[in-house]
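Heads up: the structure comes next, in structure tokens.
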Amino acid sequence: MASNSAALWVQIAQAKYLKDESIWQSSRRNRCTTLWRGIVDARQTVQNHIVWQLGNGSGCKAFGHPWHGLWLQVKASSVQQSHLQVSELLNQDGGWDNERLIREFGFATALYIAISVKPPSINSTREDMLIFSYAKNGQFTLKKAYQLIATTPGINGFQQEVLKKIWQTQAETISHALFTCPWARALWIASSLDLRTDQLPENVTDLLSTVFSTMDENGARLIANHLWAIWKLRCTEAGLASVHTNNSTTSQDHDGSVTCQVDGSFSSSDMTGWAYILGDEDDGMLQYGLQSGVLSSPLHAEVKAMHHAVMDVSKRGVHECVFLTDCASLNLVINNSLQADQLDWRVYHDLLDVIYLFKINIGFKCVHVPREQLVTVDCLAKFAR
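In this note's numbering, the protein residues as written are 3 to 387.
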């Protein structure tokens, strides 16, 4: 429906259900066919991986079409806006008409578009093309769509346990949540306790008895604090952990001398991990962060790691930082030596976000370094898996 609007069945469905709406932003009506209900329900699975590759901009609508990273957050407020084409947002010189962008989208979205999206060429004969960015070649297939439907482990109730039995998976145990999941395992190993949780009993009662029996009062207090911290992280789904030491300092003391090591650890058959380590000129660790998820490629893992790092470092209040990566292509894109659409389509949206973050944080720089210099953060990314 999105790529072949001239087809008869598409025109009938649009006339009946869409009117002036986009397929990506329409709501499911109470009275509709089973086919249409299935289309709308399945839309959520793929819509975050759909993007328009702009040619001359005449075939892509400014509202309702995924041609920039914030397209889901903006909606047309009038019939005129719903029919507005991207090509109409250009000035006479072929660049973005910034005043028009602000008038149509508001300042924040207009700034994002002006910085991260390359204007279409109005003199080009190349038409706008719809790309399924989860596939490296940009082509949508049902196989790729099914790969997007992934679940993450969690401590769930009876209904979720029944569903997990149907899908032949297991409900997560308390011991897994607190000790042996990738999140918890990485935090325990990185802590001063150096607790190897992969060698502990599976039963949570035996596990806690084993852990506390070998600790003095101070050690037991540290374990209790770590357990509470891990539980809070799991409940809030936070991707950030701060390291507090006796010689910890504020980020303002380190502006201009802060480096951030960034790395991703890809796995095609399991969860992918990504991490960063923020340090000062004395090789002191100020902060670290790690996350895991199902990603599409090694490049996607590196991009996710960089996005995670830049977001957390900027939230900390650091204004100048050098981000170290061993991914040459990511470094080229950030430093404007390579266009984002010349790489894997599966990482297109995330790449645009990373480019945008580096452009608005003018004190942030990206530098390519040999992999041997990122051994520590590489281990942390592997543990995050």
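Cβ atoms here follow ideal geometry from the backbone N, Cα and C, with glycine treated the same way.
Where residue i sits in the DSSP three-state scheme
i	result
tryptophan 394	Nothing can be reported for residue 394, as the shown portion of the chain is limited to 3 through 387.
histidine 178	helix
isoleucine 279	strand
tyrosine 19	helix
leucine 10	helix
glycine 241	With a pLDDT of 37 at glycine 241, under the threshold of 50, the modelled position of that residue is not reliable, and no figure is offered here.
lysine 63	strand
methionine 287	strand
leucine 56	coil
glycine 40	helix
threonine 274	strand
serine 267	strand
aspartate 314	helix
proline 68	coil
isoleucine 362	helix
cysteine 183	coil
glycine 2	Nothing can be reported for residue 2, as the shown portion of the chain is limited to 3 through 387.
threonine 378	helix
histidine 85	coil
threonine 47	helix
serine 299	coil
serine 215	helix
Sheet register partners of residue i (DSSP bridge)
i	result
histidine 370	Thr327
threonine 261	Gly281, Val324
glutamine 75	Looking at the DSSP assignment, glutamine 75 forms no beta bridge with any residue, so it has no partner.
glutamine 293	Trp276
Residue i burial status per 10 Å Cβ neighbour count (16 or more: buried)
i	result
tryptophan 347	buried
threonine 47	exposed
histidine 310	buried
glutamine 44	It is worth fixing the name first, because residue 44 is alanine in this sequence and not glutamine. Exposed, since its Cβ has fewer than 16 Cβ neighbours within 10 Å.
histidine 85	exposed
leucine 144	exposed
threonine 35	exposed
phenylalanine 134	buried
glutamate 239	With a pLDDT of 45 at glutamate 239, under the threshold of 50, the predicted position of this residue should be treated as unreliable, though the coordinate-derived value follows. Exposed: under 16 other Cβ atoms inside 10 Å.
glycine 59	buried
arginine 387	buried
arginine 39	exposed
tryptophan 54	buried
aspartate 265	buried
valine 377	exposed
isoleucine 362	exposed
tryptophan 276	buried
asparagine 338	exposed
phenylalanine 366	buried
phenylalanine 109	exposed
Rounded separation between residue i and residue j - CA only
i	j	result
serine 270	serine 215	39 Å
leucine 340	serine 331	8 Å
methionine 287	proline 68	39 Å
glutamate 101	leucine 292	40 Å
threonine 127	serine 316	41 Å
glycine 319	isoleucine 117	22 Å
tryptophan 190	phenylalanine 385	10 Å
proline 300	lysine 146	17 Å
alanine 9	valine 305	37 Å
proline 372	leucine 74	38 Å
asparagine 227	cysteine 381	24 Å
histidine 351	alanine 137	13 Å
valine 88	valine 335	24 Å
isoleucine 225	leucine 345	45 Å
tryptophan 11	valine 296	35 Å
proline 122	leucine 56	6 Å
cysteine 262	asparagine 125	43 Å
glutamine 16	methionine 131	20 Å
serine 325	alanine 307	For the record, residue 325 in the displayed sequence is phenylalanine; it is not serine. Approximately 11 Å between the Cα atoms of the pair.
isoleucine 232	alanine 186	7 Å
asparagine 93	alanine 383	45 Å
isoleucine 279	serine 298	23 Å
valine 312	glutamate 90	33 Å
valine 260	valine 356	19 Å
tyrosine 114	valine 349	18 Å
glycine 281	valine 379	11 Å
cysteine 2	glycine 71	Look at the range of the chain in this structure, 3 to 387, and you will see that residue 2 is not part of it.
Residue-chain proximity (residue i, chain C), Cβ-Cβ < 8 Å
i	result
threonine 127	The structure shown contains no chain C, having only a single protein chain.
Exercise. Can you list the beta strand (DSSP E) stretches of 3 or more residues lying completely in the segment 87 to 157, in chain order?
Worked result: 131 to 134
For this session: Enumerate, from N- to C-terminal direction, the unbroken alpha helix (DSSP H) stretches of 4 or more residues contained entirely within the segment 332 to 356.
Result: none
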